[in-house]
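Notes follow the structure.
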Amino acid sequence: MMKKSISASKASLVLFLCQMISALDVPLDLSQPPTITQQSPKDYIVDPRENIVIQCEAKGKPPPSFSWTRNGTHFDIDKDAQVTMKPNSGTLVINIMNGGKAEAYEGVYQCTARNERGAAISNNIVIRPSRSPLWTKEKLEPNQVREGDSLVLHCRPPVGLPPPIIFWMDNAFQRLPQSERVSQGLNGDLYFSNVQPEDTREDYICYARFNHTQTIQQKQPISVKVFSMDSLNDTIAANLSDTDIYGAKPVTERQPILLTPTGSTSTKVELRGNVLLLECIAAGLPTPVIRWIKEGGELPANRTFFENFKKTLKIIDVSEADSGNYKCIARNILGSAHHVISVTVKAAPYWITAPRNLVLSPGEDGTLICRANGNPKPNISWLANGVPIAIAPEDPSRKVDGDTIIFSHVQERSSAVYQCNASNEYGYLLANAFVNVLAEPPRILTPANKLYQVIADSPALLDCAYFGSPKPEIEWFKGVKGSILRGDEYVFHDNGTLEIPVAQKDSTGTYTCVARNELGKIQNEVRLEVKDPTMIIKQPEYKVIQRYGQVSFECIIKHDFTLLPTVIWLKDNDELPDDERFLVGKDNLTIMNVTDKDDGTYTCIVNTTLDSVSASAVLTVVARPNPPFDLELTGQLERSVELSWIPGDENNSPITNFVIEYEDGLHEPGVWHYQTEVPGTQTTVQLKLSPYVNYSFRVIAVNEIGRSQPSEPSEQYLTKSANPDENPSNVQGIGSEPDNLVITWESLKGFQSNGPGLQYKVSWRQKDVDDEWTSVIVANVSKYIVSGTPTFVPYEIKVQALNDLGYAPEPSEVIGHSGEDLPMVAPGNVQVHVINSTLAKVHWDPVPLKTVRGHLQGYKVYYWKVQSLSRRSRRHVEKKILTFRGNKTFGMLPGLEPFSSYKLNVRVVNGKGEGPASPDKVFKTPEGVPSSPSFLKITNPTLDSLTLEWGSPTHPNGVLTSYILKFQPINNTHELGPLVEIRIPANESSLILKNLNYSTRYKFYFNAQTSVGSGSQITEEAVTIMDEVQPLYPRIRNVTTAAAETYANISWEYEGPDHANFYVEYGVAGSKEDWKKEIVNGSRSFFVLKGLTPGTAYKVRVGAEGLSGFRSSEDVFETGPAMASRQVDIATQGWFIGLMCAVALLILILLIVCFIRRNKGGKYPVKEKEDAHADPEIQPMKEDDGTFGEYSDAEDHKPLKKGSRTPSDRTVKKEDSDDSLVDYGEGVNGQFNEDGSFIGQYSGKKEKEPAEGNESSEAPSPVNAMNSFV
């Protein structure tokens, strides 16, 4: 919300209108009669310990002299050394502090201020010293009163001046608590409508505080002892009959009677403008309630207040209309009492028209009017210069007509001060008004060129205070040569002020005021500037914030650039708390770590010298509710109870629901459980209970902010015992051994036992066999083992709860099985159908269910590669396992290697494990297309020839039939020429191309073939030379790659000018996406490509900047597949390296020892052993094919040449030889779906079997490393 406060212009308007009412002020440099400007109050109570100062100040020309009267006679201050008059003043100072006594100066004082033009007088000032007398000594008897009776403790304070303020306290200076039953009356007495035992005490003390002297007087303590009827009977039993003692109720209820005022009617007189206080205090039991009415009318709406628990009716600013009969009614359940107070409102005199100073020029006429009212109507009398007008000197220009004095054709001698006195029995009014006869030309009192600034659309008041006699006429002009201002858009006030009711920006300018009378003319200029209003363009908004949060209110303003605004923030219309949590910024207020006390209305006030605007917003601080309290249990039954509570403070966020929790002090003390919840409007709930539980309850309140702290626990309630209502749940029967049955169940919780002695009756019998139930009773367990059972047979099982009072209802039966054993037979009739070079389908016959001896879980297929048909080599065999769930009889074997021999077997699986394996089944995969040649190098360039060298494919996948070479020239614009194709026998590894064009770039495409088809190709570029000295163009050759999962090392050879800047371009093989480019720093001939995708084929080429776009031929490589857990290369492990070093050191020492012994001619055991058992791994090479022993691959242990090309289909790694089964089957963590599709990843079990040596790129085993070392 936004509001605009009163502007400076409006305030000025109020001031000027007040000036219009007052008479025209006479400049002090002109002759004028005295005017009283300051005087002491009529009834002046002074502190007798301090000096008495009686004020009387006046102005006039010439300056007036002062004199005083005391009690109607002249007071000669020169004769009293204790009295002095201030210089140039009429104020008296009576020196009390230096020996004077205030009582000696009591009386009625009046001041007279006089000069040659008249005399003004002050009011009659009554001087009285304040008094605070002590309490008179009195003997106070103890008050002994019967319970339920009324009591009045009288205060009777001493009469002081002014009257004291009365209050009741105890010996500890603590105010006595008051209520509808006990309260203090207007006269200071303490009223008890009925006394209770707790009213007994000995320190009821009445205090009187005299504010004027700042003293407090204390009455002697009053003792009150309240007797109950029972104690009275015990006290006076010997003197009363039984009927007297016991014939009545212990406390007698009584209908109301009025303690004050007494009787049925009373009267009250109050003066107009005062506060009317009416009081009614009643006795009775129960305590009466007071109600007020005005007979024949309504209580004034905005001026009526009730105090002292409605026992006092207060009406402020009373007027004659408030006269009438006021009735108070005291009521309780036994009846009522009433009292009527007749109120009459009288009035001391008050002004209707007070006389005002009159300035006249010689020969003018004028009037002084003095009109007042009161009840009774006041008498009006006139004085001239302090003397009753009837005995004052005659003035022919003056005529008195009741409340009016008429002046005609005045002369200078007519100047005087007249006093009007209006009085009745309740007071008087005295007013001075002078008649000043002057002849003066106009003068303008407003300063010249005064600047007025106002806000647009608000009034502008331009002052032209003037004086002259006769009274001048005033005219206004705008601008230097403007015309006289007239019309409805201007208002001309009698005091000379020009008002522009709605000033606009074009109202800005210079205004001229002209004052003229018959004695002359004068003018004055003032300037007006109209400013843009100040506005709050972004007001603070209503905020709801959680306790301990942070909140910010915005207050963005727009203002006239010439005005300097100040921004003030208020909280609840008061200053912000002095707290560092409140941060006031330029455009906002931020409150840190908000607390409940910060709740309220925040107001942004923007002040300038001309206007003020404000905007407010409410901050509501919310928090979790306070916990409920006063928990009560009612209606206790065996299976239910009613819980009620009182909600705690909701902290400005309504409570949405209550959560009821319980504690079982008998079975789980200290553990609270959820019971139920109810809506936030509900404070009682009927709770269902269980037998044999010692309940305690607590309640948690919930609102949008969160949950309250739990309430204090309720009282405990122990329910009676009963039979169990329910049986254990989750009963199961599963054997852990082939000859047992393990019966398990979930035990009942403590409160479910319904009584002491909880046990379980466990029963079982074999299903489908006519056997009786076998039962045992157990306690404090949740498992029972039945031994000696047949293997995997069904059993009927039931578990029943019981306690000391009896059994639970009959439980339901469940079916379980005794323990499983391993399957007895293997699947038969295993058949394999090879689908293609990498996929096969296997079939088998299911085993009879009886031989499974357990729950059939599925079948496992073990398969492994025996050897590659394209070459014979030794390798580690890795068995792969696929699991097929359920009773399936077929499955797919994915990820096979082409042109290879495989074996497999099938096993049935139950919960105990695997059965025997079926006989191994051998199958072969057909040929496939080969991988790309391992490398392609172009060397020995001449004018017309190039030499090509290549390596065979890493994975031939069959018998190679030939190589296909295609090449074509590339001109300077990178256009390709005709393609030439050459077929090369499979046993060749190099070729010299002749008859080529000199100084020509060629692009070569090279791939291998089997009978199935062509494999992927490798590309290269080369240039024939211009002459025999050097090539015509630079070139990049022998690009090689070594790839891992997510990165690849690229290296190359460069021939050409120095300082070439290289770059590497790469992309996904076969993709049409643009090449990605990486700049190589410096002139290095290697680069690492990072961020590659595992298992992806990439193409790569290397180029040189600034060499006519020269690039190398393309190379293809493949990153390794992503593995869930990467195999650790043992050869790089620290422990292995350390072990190898230790072994090497030992062998070195052994060799030294052997060498020494051999030199001595002896044999050592190691040598003998070598001679006796030659290792086939280190047999001499065969002369025909250069192979080791019976193995055929000469490249098995041949190290890679530096810069040799990695095969383009994948990096040589362990994963290369692993068949990926991601799309087909299940290993340890995988499985097939029911249709045979693979939904996991296979896992391998390695066994030592012959295999290809080059099909695995694992690091050489430690044994091989040692054999090579030896």
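Here this note's numbering is used: the first residue of the sequence shown is 60, the next is one more, and so on. Built from N, CA and C at the ideal position, the CB exists for glycine as well.
- Per DSSP, which residues does D904 bridge with? Please list them. Counting from 1 along the sequence shown, the entry for residue 904 is found at position 845. Beta-bridge pairing links D904 to G887.
- Should L1207 be labelled buried (16 or more other beta-carbon atoms within 10 Å of its own) or exposed? Along the sequence shown, one-based indexing puts residue 1207 at 1148. Answer is exposed; the Cβ neighbour count stays below 16.
- Would you please state the rounded distance, in angstroms, between the beta carbons of N813 and A781? I believe it to be under 8 Å. Working through the sequence shown from its first residue, we reach residue 813 at position 754. Working through the sequence shown from its first residue, we reach residue 781 at position 722. With a Cβ gap of about 5 Å, N813 and A781 count as contacting.
- On the DSSP bridge assignment, give the partners of P320 in chain order. Here residue 320 is taken as the residue at index 261 of the sequence shown, counted from 1. P320 is not bridged to any residue.
- Query: What does R1042 pair with, by DSSP beta-bridge criteria?
  - Reply: The residue given as residue 1042 occupies position 983 in the sequence shown. For R1042, the beta-bridge partners assigned by DSSP are I1023.
- Query: DSSP on D303, reduced to helix/strand/coil?
  - Reply: Along the sequence shown, read from residue 1 onward, the residue named residue 303 stands at position 244. For D303, the pLDDT reaches just 44, beneath the cut-off of 50, and the residue's location in the model is therefore unreliable, although a value from the coordinates is still provided. Note: D303 maps to helix in three-state DSSP.
- Query: So A760 and P706 are in contact, right, with Cβ under 8 Å, and what is the actual spacing, rounded?
  - Reply: Against the sequence shown, residue 760 aligns to sequence position 701. Against the sequence shown, residue 706 aligns to sequence position 647. Their Cβ separation, rounded to whole angstroms, is 6 Å, which keeps A760 and P706 in contact under 8 Å.
- Tell me whether K1226 is buried or exposed, calling it buried when 16 or more other Cβ atoms sit within 10 Å of its Cβ. In the sequence shown, counting from the first residue as 1, residue 1226 sits at position 1167. Summary for K1226: the model assigns pLDDT 39, below 50, so the residue's position carries little reliability; its value from the coordinates is reported in the next sentence. When all chains shown are included, K1226 counts as exposed.
- List the residues that DSSP assigns as beta-bridge partners of Y922. Sequence index remark: in the sequence shown, residue 922 carries index 863 (1-based). For Y922, which the question treats as bridged, DSSP gives the partners K939 and L963.
- Item | Range covered by the beta strand (DSSP E) that runs through F526 | As a working mapping, residue 526 is identified with position 467 in the sequence shown. Note, F526: beta strand (DSSP E), Y525 to S528.
- Out of I503, L1151 and I450, point me to the one whose CA is closest to L442's CA. In the sequence shown, counting from the first residue as 1, residue 442 sits at position 383. Ranking I503, L1151 and I450 by Cα distance to L442 puts I450 first.
- Burial state of N710, where buried means 16 or more other Cβ atoms lie within 10 Å: As a working note, residue 710 is residue 651 in the sequence shown. By the 10 Å Cβ count, N710 comes out buried.
- Using CA coordinates, which residue listed in L941, Y1106 and L1204 is at the minimum distance from E1177? Sequence index remark: in the sequence shown, residue 1177 carries index 1118 (1-based). With distances taken between Cα atoms, E1177 lies closest to Y1106.
- Starting from C387, trace the beta strand (DSSP E) both ways and give me its first and last residue. Along the sequence shown, one-based indexing puts residue 387 at 328. Run containing C387: G383 to N391, per the beta strand (DSSP E) assignment.
- Classify E1132 as helix, strand or coil using the three-state DSSP reduction. Locating residue 1132 in the sequence shown gives position 1073, counting from the first residue. Three-state result, E1132: coil.
- What does C265 pair with, by DSSP beta-bridge criteria? Stepping through the sequence shown from its first residue, residue 265 is reached at position 206. Answer is W227.
- Given a cut-off of 8 Å, decide if T1078 and E1008 are closer than it, judged by their beta-carbon atoms. Counting from 1 along the sequence shown, the entry for residue 1008 is found at position 949. Counting from 1 along the sequence shown, the entry for residue 1078 is found at position 1019. Taking 8 Å as the Cβ cut-off, E1008 and T1078 do not qualify as a contacting pair.
- Count the other CB atoms, across all protein chains shown, that sit within 10 Å of the CB of G765; report buried if there are 16 or more and exposed otherwise. Against the sequence shown, residue 765 aligns to sequence position 706. Exposed, since its Cβ has fewer than 16 Cβ neighbours within 10 Å.
- Message: Please classify R472 as buried or exposed, where buried requires at least 16 other C-beta atoms within 10 Å of its C-beta.
- Response: The residue given as residue 472 occupies position 413 in the sequence shown. Exposed.
- Where does A519 sit, in a helix, a strand or coil, going by DSSP? On the sequence shown, residue 519 is found 460 positions in, with the first residue counted as 1. In the three-state reduction of the DSSP assignment, A519 falls in the strand class.
- Message: List, from N- to C-terminal side, the beta strand (DSSP E) runs of 3 residues or more that fit wholly inside the stretch 633 to 665.
- Response: 641 to 643 and 647 to 650
- Euclidean distance between Cα positions of N799 and P868: If you number the sequence shown from 1, residue 799 lands on position 740. If you number the sequence shown from 1, residue 868 lands on position 809. Cα to Cα, the separation comes out at about 28 Å.
- Start and end of the beta strand (DSSP E) containing C115? To locate residue 115, count along the sequence shown from 1; it is residue 56. Residues C115 to K120.
- Message: If distances are taken between C-alpha atoms only, which option among N583, V758, K996 and P738 comes closest to D689?
- Response: Here residue 689 refers to the residue found at position 630 of the sequence shown. For the residues N583, V758, K996 and P738, the minimum Cα distance to D689 belongs to V758.
- Task: Classify E879 as buried or exposed, calling it buried when 16 or more other Cβ atoms lie within 10 Å of its own Cβ.
- Result: Taking the first residue of the sequence shown as 1, we reach residue 879 at position 820. Buried: at least 16 other Cβ atoms inside 10 Å.
- Residue ranges of each alpha helix (DSSP H) run of no fewer than 4 residues wholly in the stretch 336 to 364, ordered along the chain? none
- If you drop the 5 nearest sequence neighbours on each side, which residues of the same chain put their C-beta closer than 7 Å to that of P15? With the chain running from 60 to 1329 in the structure shown, residue 15 is simply not present.
- Closest to V988 by CA distance: which of A380, P121 and T1013 is it? For the purposes of this step, residue 988 is identified with residue 929 of the sequence shown, where counting begins at 1. Out of A380, P121 and T1013, T1013 has the C-alpha closest to the C-alpha of V988.
- Item | 6 Å Cβ shell around L557 - same chain, five flanking residues per side excluded | Counted from its first residue, the sequence shown places residue 557 at position 498. Correct list, in chain order: L521 and W535.
- In the structure shown, what three-state DSSP assignment does I910 receive? What you label residue 910 is simply residue 851 of the sequence shown in a count that begins at 1. It is worth fixing the name first, because residue 910 is Thr in this sequence and not Ile. DSSP places T910 in helix when its eight states are reduced to three.
- For A163, name the three-state secondary structure that DSSP assigns. For this step, residue 163 is matched to residue 104 along the sequence shown. It is helical.
- Under a three-way DSSP split, which group does D565 fall into? Counting from one through the sequence shown, the residue named residue 565 turns up at place 506. Reduced to three states, the DSSP call for D565 is helix.
- Closer than 7 Å: T621 CB and nearest the ligand SAM heavy atom: Ligands in the displayed structure: none, and consequently the ligand SAM is not present.
- Message: Please classify F943 as buried or exposed, where buried requires at least 16 neighbouring CB atoms within 10 angstroms.
- Response: Stepping through the sequence shown from its first residue, residue 943 is reached at position 884. That one is buried.
- Query: Apart from the five residues on each side of it in sequence, which residues of its chain come closer than 8 Å, Cβ to Cβ, to E354?
  - Reply: As a first step, residue 354 is located in the sequence shown; it is residue number 295 there, counting from the start. Contacts found: G383, N384, Y385, K386 and V399.
- Query: What does a CB cutoff of less than 7 Å around V418 pick up in its chain, not counting 5 residues either side in sequence?
  - Reply: Position 359 of the sequence shown, counted from the first residue, corresponds to residue 418. Result list for V418: L83, V85, N495, L497 and S528, in chain order.
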